[in-house]
Amino acid sequence: MASVTLRRLSKVFDGGIQALHPLDLDVRDGELLVLLGPSGSGKTTALRCIAGLEAPTTGDVVIGERVVTHDPPADRDVAMVFQTPALYPHLTVRENIAFPLEMRGVADAQVARRVLETAARLGEGLQTVLDRMPAQLSEGERQRAALARAIVRGPQAFLFDEPLSRLDARLRIELRGELLALHRALGATMIYVTHDQTEAMTMGQRVAVLHEGRLRQVGTPEEVYQRPADVHVARFVGTPGMNVLQGRGRGPGTGGTGGAGAGAGAVDEGGGRVIEAGSLTIPVELTTYEGELQVGIRPEYVGLCAVDKGVGNGDVLVVEPLGSETLVYLNAGGQPLVARLPGFADVRVGTRVGVRVDRRRLYLFDAAGAPLA
Ligand code: ATP
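What follows is the structure, encoded as structure tokens:
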């Protein structure tokens, strides 16, 4: 196994599309790092540059101690698993798994043994279908076979490009567990691309968040959730992501719009310093920031109350009862706001409700999205 390092790696496609801005990333030997970002953020491009399927415009790819930027894919000793399992249709599962070993001239008896060992690592399911053709497999069995083929030769690093996204929810959870177990058993370096932030949070030892081709943050799942590096990370991480409202900070006696619908008494709570955002006027104590800003608050720290009791109000657009919790989507003075409430909440679409926020849980960003100290 080996570390994977990207140094000032960038990619501009023909036509001037900048898929990746120069980025530095260090994936440690034996680490499972998740590359997370919305569609089009450059995740696949980064992975393909590591695999050698795409040539970077600038920068280097280093695997272990070796700069491999200009090496062909076959010389990099990495295994890639794609969203759509890439299996040879005319070979059985057994022959597919054996193929990378046979290409390397491994002796027949050893090939047979390693195929069985590898299949055993991927659940009972795969062992029972070794003599089937890929067309005779379910989607989950196909992806397990592709995983087995990647594992069998013990590469320096594994590259996964959304390998579970085509599977149904139950199978996805099952394979997520199997991949984590594999990671523990093999001590393998794994780079796992996904746009699914639940997958990122549950699988990644660290998560690297890409947005519009820029690497915004690298940190543990807890770090990217609790201390997002900018507004893009804040919005993207979490289900649903953080609420981010456009607003203004206003000190005592500096005028302002007054925040439609806010209780007048609330404005004085923070010594007259407030953030106005949509229909909310949130008293704050810790910031002296005045002027345009963006205020972030996670849905779990938004509560509902009687109109005129909170820091403002909102009109209920959608109610999603999920059993253990209810998500309530509001229009708060022209700005979207989601509240996560425990259990089944008695809230009706089309009504106006008061909004509470936990003022200790606010995140402040400047107009460009950088955090305000
Ligand atoms: P998705 O999750 O949808 O696969 P992604 O985060 O993996 O998205 P990329 O596939 O890396 O994103 O694409 C990043 C950007 O580069 C996008 O704007 C995409 O349209 C563009 N792009 C990707 N491949 C090419 C190509 N071969 N030629 C031109 N532009 C490309």
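In the working numbering, the protein residues as written are 15 to 387.
Note that CB positions come from ideal geometry on N, CA and C, so glycine has one too.
Supposed close pair residue i, residue j - CB separation, criterion 8 Å
| i | j | result |
| --- | --- | --- |
| L50 | V221 | 5 Å |
| E304 | R366 | Not quite, the Cβ-Cβ distance comes to about 30 Å (not below 8 Å), so this is no contact. |
| R22 | G73 | 4 Å |
| L173 | A69 | Contact flag wrong, Cβ pair sits at about 16 Å. |
Cβ shell of residue i (< 6 Å), same chain only, five flanking positions each side left out
| i | result |
| --- | --- |
| P8 | This structure leaves residue 8 out entirely; the chain is present only between 15 and 387. |
| A359 | T340 |
For residue j and residue i, the rounded distance between their alpha carbons
| i | j | result |
| --- | --- | --- |
| F27 | A33 | 7 Å |
| K57 | P297 | 40 Å |
| P86 | L67 | 8 Å |
| S55 | G261 | 27 Å |
| T234 | G218 | 7 Å |
| P52 | A202 | 26 Å |
| R287 | Q308 | 16 Å |
| V352 | L344 | 6 Å |
| R90 | I187 | 30 Å |
| E213 | G364 | 34 Å |
| D380 | G139 | 52 Å |
| T253 | R184 | 18 Å |
| E334 | L341 | 5 Å |
| L136 | R312 | 37 Å |
| S179 | T216 | 15 Å |
| H246 | P36 | 18 Å |
| I165 | L200 | 9 Å |
Buried/exposed call for residue i, threshold 16 Cβ in 10 Å
| i | result |
| --- | --- |
| A16 | buried |
| G227 | buried |
| Y102 | exposed |
| D175 | buried |
| Q150 | exposed |
| A133 | buried |
| I289 | buried |
| A384 | exposed |
| A60 | buried |
Beta-bridge pairing of residue i - partner residues as DSSP gives them
| i | result |
| --- | --- |
| K323 | Paired residue(s): none; K323 is not in a bridge. |
| G389 | Missing from the structure shown is residue 389; the chain here goes from 15 to 387 and no further. |
| N345 | D329 and P350 |
| P111 | This sequence places Ile at residue 111; Pro is not what is there. Partner(s): none; I111 has no beta bridge. |
| S152 | In the DSSP output, where bridge partners are listed per residue, S152 has none listed. |
| V363 | Its beta-bridge partners do not exist; DSSP assigns none. |
Neighbourhood of residue i by C-beta, 7 Å cutoff - its chain only, sequence neighbours within 5 removed
| i | result |
| --- | --- |
| A280 | Model confidence at A280 stands at a pLDDT of 36, short of 50, so the residue's coordinates are unreliable; what they give is reported in the following sentence. For A280, where only same-chain residues beyond five positions count, the Cβ hits under 7 Å are T295, P297 and V325. |
| A320 | G368 |
| N327 | G275, S293, V321, R366, V367, G368 and V369 |
| R146 | T106 and V107 |
is_contact[residue i, chain C] using C-beta, thresh 7 Å
| i | result |
| --- | --- |
| A121 | Although the question refers to chain C, the structure presented lacks it and comprises just one protein chain. |
Contacts around residue i, its chain only, beta-carbon distance under 8 Å, and the 5 residues preceding and following it disregarded
| i | result |
| --- | --- |
| C63 | L20, L23, K25, L34, A69, P70 and V75 |
| Q141 | L130, A133 and A134 |
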